[in-house]
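Below you'll find the structure, written out as structure tokens, and then a few comments.
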Amino acid sequence: MVRHLNNSQSLTHSNDRSLRCAEFRLILTQVADGMEVHNDVFTGLQEIGIGHKFKEELCRMLESTQLFRGFSRPEIEFVVDYTHAYRVPVGVSLFREGGKDKYLAFIIKGKVNVLKEFGFTTEKHIATACSGSCLGEISMVDDFPHSATARIIEEAEVIILTKPNLLRITEESAALGIRILWRLARQLGARLRRTSGVLAEHL
């Protein structure tokens with residue numbers, strides 16, 4: 003049964019938070035879609051908080067991101083039950099070029115460099131993601147490896163939403179899931195336009 007959301011409705015669901023945490027750690031340490039996930043992501047993540055008392059803080063974190071700007075509080079509360087917040091030290095790669103880790107990383111604090119490999123030893127800086135940004139959108143909509151590496155350059159706090167949990171959100175509330183996917187598509191479109199502009203300058 004699909005659940006419909008409104009601003010006044012109290013949102014609950016049966017998924018156990020501890021099971022979702024275990025699932026996330028499984029995704030990070032075992033095999034996903036036939037490819038091994040990089041261990042440095044798992045070892046670098048320290049969960050910031052968990053439970054009912056932390057949920058309010060988690061809501062404020064998610065509301066500060068560009069993707070969820072304008073979402074209602076009931077919608078935010080619904081989504082955060084499928085997410086986890088982590089503190090990530092400098093030097094850890096949230097994603098590795100060529101990897102197939104499937105989750106969104108919302109940058110709450112800190113900075114992340116996006117790097118592209120050239121040859122075996124050279125990396126070229128493409129962009130820097132700051133607080134409010136979201137990384138990993140493409141991994142949510144296709145099955146191709148990551149096209150770049152995302153590495154922490156300033157200690158960061160990130161919110162993680164895995165692809166399986168995004169699908170669960172869509173199953174619980176089709177309208178909310180579609181709205182999130184629509185926002186992701188808009189962000190990807192905006193990024194593509196910026197990339198096209200940079201490319202045009204070099205032609």
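With our numbering applied, the sequence shown corresponds to residues 3 to 205, in that order.
Ideal Cβ positions, reconstructed from N, Cα and C, are used throughout, including at glycine.
Source: prediction; values computed, not measured.
- Note that the C-beta distance between A152 and F97 is below 7 Å.
- Contact check for L168 and I182: beta-carbon distance about 7 Å, within the 8 Å limit, so the pair qualifies.
- Rounded to whole angstroms, the separation of the alpha carbons of I110 and F56 is 15 Å.
- Rounded to whole angstroms, the separation of the alpha carbons of T123 and G72 is 42 Å.
- Contact between the region 132 to 144 and the region 183 to 192 is present: 3 or more CB-CB pairs across the two stretches fall below 8 Å.
- Excluding the 5 residues flanking it on each side, T172 has same chain C-beta neighbours closer than 6 Å at G179, in chain order.
- E125 carries a strand assignment under DSSP once its states are collapsed to helix, strand and coil.
- Burial is judged here by how many other beta carbons sit within 10 angstroms of a residue's own beta carbon; H86 has at least 16 and is buried.
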